[in-house]
Amino acid sequence: MFDFLSRSFSSLFSLFSGAQALTQETVLEFSNTVREALLGADVPLSVADAFVEEVARDLVGMKPPKKVNPEEYYMKIVYDRLVAFLGGVEGVTDPLSKYSSFVVMGLQGSGKTTTIAKLAAYIKNKKPNARILLSSVDFQRPAAVDQLEILAARVGVDFFRASSVDAVSAAREVVLYRKDAGYDYLFLDTAGRLHVDEALLEELDSVVRLVARPYCLLVLDSMTGQESLRVARSFDDKVGFDGAVLSKTDSDTRGGAAFAFRYALKKPIVFVGSGERIEDLERFHPDRVGSRILGMGDIATLVERANEKIKEDENDRMMRALRTGNFTLDDFIRQIDMINKMGSFGSILKYMPGAAQFQISPEQIAQGEREMRRFKAIIQSMTKKERLMPELIVGSRKQRVAVGAGVKIEDVSHMLARFEEGRRLFKQLQGGRGLFR
Ligand SMILES: Nc1nc2c(ncn2[C@@H]2O[C@H](COP(=O)(O)OP(=O)(O)OP(=O)(O)O)[C@@H](O)[C@H]2O)c(=O)[nH]1
Ligand SMILES: [Mg+2]
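FYI, my numbering numbers position 9 of the sequence shown as 9, with every residue one higher than the one before it.
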């Protein structure tokens, strides 16, 4: 979703290379370029202006300390401002750890029902013993309630169907049932309309009032761009909500709504939906998004995704290896397995530093996947010692490994070269980005 902004931002910092104290002119040039990039990403004018003004205020007259690379120094200033703008370094506490009743609202088709299933799966993954109840007061569409029931079964959580088909009476039934049965979590699905309308909002307000200490979650379709900010505002005026889930961030959107949301609504984005599958839900971390926008990559989210599928200790090792650049062929093979467990190679690439600058085709991705399988076979035919000291693999050893893996000698050389490249990249990440980690 942030590829567009990332592409625009990552070239910007060359303006600062060699710059010492920033002049008004450099700051102005920078501001104009940023402003254009934001408008291009469908950020509303007032928000783009506000951001640019804040950054300019931070930058004017600043001077990098001795020995600090000016480009990095100014990038860090922009990064800090960007993160603050998106919600701050601490981000927001996970509402799932503080609240137990969630009312999910939004326009028709925004992704409410899917998001509920994703949230239920998210909790279940973290707390396997939590008792979770899903229920719906969406009687707009005949199949809406069934859809939630099917999803509840798929996630493996409970579902309750009210006997009434009037939203307010049904909500009353749901609340009573939840209380009697003693569920830890309740997620209440509500009806969407194609446009914001008064009757819907009034009904919704009555439903929300029946729930004790509800966390109201607005689901916003990121594909609707600026329009989604207007939708959010009318839900807030009439019903009020606590936080938002930005859905469909995997679609080809320019990220404007996500960028502007916090500033325009003064409410946090707590999660983002990144695909149609139940597991396609991520926390929204302003600092990670900030580094993704500035083209610094998002290793932390990448590793977090892996976390869900991979044993903790294995993952800790990997994080350490990634951080220190102390990466062996055994780590390499583990990384290949990790990538396979996480999903497709393509879905992971977008988290890598600078990924937005490359346009990667499906053929290239398929080739990458074939290559990884070949690499794995090659590494598996090496001895333990060879894996720790790849420089040993020359001459007859190389031949033996090639035969063992059923590949050509050149394939072994190629794999070793790629491995070295990867190792260097991680070392650079560790060293070069010192200011940010
Ligand atoms: N690509 C993508 N599709 C999504 C995402 N979230 C939801 N969808 C899809 O969007 C469509 C609508 O999702 P629903 O969850 O049914 O939306 P809703 O808000 O409950 O819709 P109504 O109940 O009709 O108001 C479905 O086809 C979902 O698969 C997402 O994060 N990414
Ligand atoms: Mg629905």
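Cβ atoms here follow ideal geometry from the backbone N, Cα and C, with glycine treated the same way.
Being a predicted model, the structure only gives us computed values, none of them experimental.
Would you mind working out which of the options sits nearest residue i, comparing C-alpha positions?
{"i": "Ala-405", "options": "Leu-151, Ala-417 and Met-382", "result": "Met-382"}
{"i": "Gly-192", "options": "Val-104, Ile-123, Ser-361 and Phe-160", "result": "Val-104"}
{"i": "Thr-114", "options": "Arg-154, Lys-127 and Glu-391", "result": "Arg-154"}
{"i": "Thr-93", "options": "Arg-374, Ala-121 and Tyr-215", "result": "Tyr-215"}
{"i": "Ser-136", "options": "Phe-102, Lys-124, Glu-371 and Asn-125", "result": "Phe-102"}
{"i": "Ile-379", "options": "Gln-364, Phe-241, Ile-365 and Ala-402", "result": "Ala-402"}
{"i": "Phe-187", "options": "Ala-121, Val-239 and Asn-125", "result": "Ala-121"}
{"i": "Gly-275", "options": "Pro-64, Met-223, Gly-40 and Leu-59", "result": "Met-223"}
{"i": "Ser-14", "options": "Gln-24, Glu-29 and Asp-3", "result": "Glu-29"}
{"i": "Gln-226", "options": "Ser-46, Glu-25 and Arg-334", "result": "Ser-46"}
{"i": "Arg-407", "options": "Lys-266, Phe-375 and Gly-395", "result": "Per the sequence shown, residue 407 should be read as Val rather than Arg. Of the candidates Lys-266, Phe-375 and Gly-395, the one whose C-alpha sits nearest the C-alpha of Val-407 is Phe-375."}
{"i": "Gln-335", "options": "Phe-160, Ala-48, Arg-423 and Ala-84", "result": "Arg-423"}
{"i": "Glu-369", "options": "Glu-391, Asp-337 and Arg-397", "result": "Asp-337"}
{"i": "Ile-333", "options": "Met-62, Val-157, Glu-410 and Arg-418", "result": "Arg-418"}
{"i": "Pro-95", "options": "Leu-218, Gln-364 and Gln-367", "result": "Leu-218"}
{"i": "Asp-189", "options": "Val-289, Ala-181, Leu-22 and Leu-119", "result": "Leu-119"}
{"i": "Leu-22", "options": "Ala-48, Gly-40, Leu-39 and Met-62", "result": "Met-62"}
{"i": "Ile-293", "options": "Ser-396, Ala-50, Phe-85 and Glu-363", "result": "Phe-85"}
{"i": "Lys-266", "options": "Glu-203, Gly-87 and Ala-50", "result": "Gly-87"}
{"i": "Val-157", "options": "Gly-40, Asp-180 and Lys-127", "result": "Lys-127"}
Excluding sequence positions up to five away, which residues of its chain have a Cβ less than 7 Å from the Cβ of residue i?
{"i": "Gly-434", "result": "Model confidence at Gly-434 stands at a pLDDT of 34, short of 50, so the residue's coordinates are unreliable; what they give is reported in the following sentence. If we look at Gly-434 and ignore the five residues flanking it on each side, it has no Cβ neighbours."}
{"i": "Ala-37", "result": "Leu-5, Ser-8 and Phe-9"}
{"i": "Ser-234", "result": "Val-196"}
{"i": "Val-43", "result": "Gly-256, Phe-259 and Ala-260"}
{"i": "Val-208", "result": "Val-103, Pro-214, Cys-216 and Val-239"}
{"i": "Val-27", "result": "Ala-56, Leu-59 and Val-60"}
{"i": "Leu-388", "result": "Thr-328"}
{"i": "Asp-205", "result": "Lys-238 and Val-239"}
{"i": "Ala-48", "result": "Arg-35, Leu-38 and Leu-39"}
{"i": "Asp-138", "result": "Ala-144, Val-145, Asp-189, Thr-190 and Ala-191"}
Run the CB neighbour count on residue i, radius 10 Å, all protein chains shown included, and call it buried at 16 or more, exposed below.
{"i": "Leu-416", "result": "buried"}
{"i": "Leu-12", "result": "buried"}
{"i": "Gly-432", "result": "Only weak support exists for where Gly-432 lies, its pLDDT of 43 falling under 50; the value from the coordinates is given anyway. By the 10 Å Cβ count, Gly-432 comes out exposed."}
{"i": "Glu-420", "result": "exposed"}
{"i": "Arg-178", "result": "buried"}
{"i": "Lys-112", "result": "buried"}
{"i": "Phe-2", "result": "buried"}
{"i": "Arg-57", "result": "exposed"}
{"i": "Ile-269", "result": "buried"}
{"i": "Pro-64", "result": "buried"}
{"i": "Arg-373", "result": "exposed"}
{"i": "Ala-409", "result": "Rather than Ala, the amino acid found at residue 409 in this sequence is Ile. The residue is exposed, with fewer than 16 neighbouring Cβ atoms inside 10 Å."}
{"i": "Arg-437", "result": "Residue confidence for Arg-437 is low, a pLDDT of 31 falling below 50, so the modelled location carries little weight and cannot support an answer."}
{"i": "Asp-237", "result": "exposed"}
{"i": "Ser-396", "result": "exposed"}
{"i": "Ala-264", "result": "buried"}
{"i": "Ala-41", "result": "buried"}
Near residue i, which residues of its chain fall below 6 Å by C-beta distance, leaving aside the five closest residues on each side in sequence?
{"i": "Val-52", "result": "Ser-31, Val-34 and Arg-35"}
{"i": "Leu-200", "result": "Arg-193"}
{"i": "Arg-131", "result": "Tyr-183 and Asp-184"}
{"i": "Tyr-99", "result": "Tyr-215"}
{"i": "Asp-242", "result": "Tyr-215 and Cys-216"}
{"i": "Tyr-73", "result": "Pro-64"}
{"i": "Phe-16", "result": "Pro-70, Glu-71 and Tyr-74"}
{"i": "Glu-54", "result": "Arg-81"}
{"i": "Val-272", "result": "Leu-246, Thr-249, Glu-282 and Phe-284"}
Identify, in the order they occur along the chain, each residue of the same chain with its Cβ nearer than 8 Å to the Cβ of residue i, setting aside the five sequence neighbours on each side.
{"i": "Leu-220", "result": "Gly-106, Ser-110, Ser-228, Val-231, Ala-232, Ala-244, Val-245, Leu-246, Ser-247, Ala-257 and Phe-261"}
{"i": "Leu-210", "result": "Val-168, Ala-171, Arg-172 and Val-175"}
{"i": "Ala-117", "result": "Leu-134, Leu-148, Leu-151, Ala-152, Arg-154, Val-155 and Ile-278"}
{"i": "Val-89", "result": "Val-83, Pro-286 and Asp-287"}
{"i": "Ile-393", "result": "Met-382, Glu-386, Val-401, Val-412 and Leu-416"}
{"i": "Ile-159", "result": "The sequence as given places Phe at residue 159; Ile does not occur at that position. Answer for Phe-159: Leu-133, Leu-134, Ser-135, Leu-148, Glu-149, Ala-152 and Ala-153, listed in chain order."}
{"i": "Lys-398", "result": "Ile-409, Val-412 and Ser-413"}
{"i": "Glu-203", "result": "Ala-167, Val-168 and Ala-191"}
Does chain C have any CB closer than 8 Å to the CB of residue i?
{"i": "Gly-406", "result": "Note that chain C does not occur in the displayed structure, where there is just one protein chain."}
- Message: Could you check whether the stretch 77-97 touches the stretch 156-175, counting it as contact only if at least three pairs of C-beta atoms, one from each stretch, sit closer than 8 Å?
- Response: Counting Cβ pairs under 8 Å, fewer than three are found: no touch.
- Message: Does the contact criterion of 3 or more C-beta pairs under 8 Å hold for the stretch 239-258 versus the stretch 137-149?
- Response: Touching, no, given that fewer than three Cβ pairs across the two stretches are closer than 8 Å.
- Task: Say whether the stretch 146-163 touches the stretch 259-276, bearing in mind that this needs 3 or more beta-carbon pairs closer than 8 Å, one atom from each stretch.
- Result: Judged by pairs of C-beta atoms under 8 Å, the stretch 146-163 does not touch the stretch 259-276, as fewer than three such pairs exist.
- Message: Just to confirm the assignment: which complete alpha helix (DSSP H) runs, minimum length 4, are found wholly within the stretch 167-241?
- Response: DSSP runs (the alpha helix (DSSP H)) wholly in the stretch 167-241: 167-181, 198-210 and 226-238.
- Query: Which full runs of the alpha helix (DSSP H) of 4+ residues lie inside the stretch 54-88, going along the chain?
  - Reply: Correct list: 70-86.
- Query: Quick one: complete alpha helix (DSSP H) runs, 4+ long, within the stretch 373-420?
  - Reply: Considered as a whole, the stretch 373-420 harbours 384-388 and 395-405 as its complete alpha helix (DSSP H) runs of no fewer than 4 residues, in chain order.
- Message: Quick check: the stretch 268-288 against the stretch 51-70, are at least 3 beta-carbon pairs closer than 8 Å?
- Response: Short answer: they don't touch.
- Please list the segments of the alpha helix (DSSP H) lying wholly inside the stretch 240-268, counting only runs of 4 or more residues, in order along the chain. Entirely contained in the stretch 240-268, the alpha helix (DSSP H) runs reaching 4 residues are, in chain order, 256-265.
- At 4 residues or longer, and completely inside the stretch 112-164: list those alpha helix (DSSP H) runs for me, N to C. Runs found: 112-126 and 144-155.
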